[in-house]
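Using the numbering used here, you'd call the opening residue of the sequence shown number 4 and step up by one each time.
In what follows, a single structure is set out as structure tokens and then discussed.
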Amino acid sequence: MPKIVLTHSVTDVDNWLKYKGERAEAIGSMGGTNVTDHVAKDGSNTVAVTLEAQDLAGLDAALSTPSPELLAAMEKHGVIPPLVAYVEK
4 MPKIVLTHSV TDVDNWLKYK GERAEAIGSM GGTNVTDHVA KDGSNTVAVT LEAQDLAGLD
64 AALSTPSPEL LAAMEKHGVI PPLVAYVEK
């Protein structure tokens, strides 16, 4: 199972952190497990999410063309596109 790191900026880190459980559930519905949130040590608004992908193609598809529900959740969490994905090789 490949490990994935997703990075992006957010409008407010504290607000983004409030939705940790909701985010893990949404990523889980796309086949992601072991979801962990990370914040920048320098205090910037850059964040990362790490996960293990059960279905890398499905995760790619969901992130490439987000559903209306996923887009609404991203907006609620304060996500600022683009999302950059890194895959363990």
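Where a beta carbon is used, it is the ideal one built from N, C-alpha and C, also for glycine.
| Can you tell me whether DSSP reads residue 12 as helix, strand or coil? | strand
| request: For residue 57, I'd like the list of residues in its chain whose CB is within less than 8 Å of its CB, leaving aside the five on either flank, ordered along the chain. | output: 4, 34, 35 and 36
| field | Closest residue to residue 59 among 11, 91, 78 and 83 (Cα-Cα distance) | value | 91
| Thinking just about the alpha-carbon of each residue, which of 47, 24 and 15 is nearest to the one in residue 39? | 24
| Selection from 79, 78 and 55 that minimises the alpha carbon distance to residue 9 | 55
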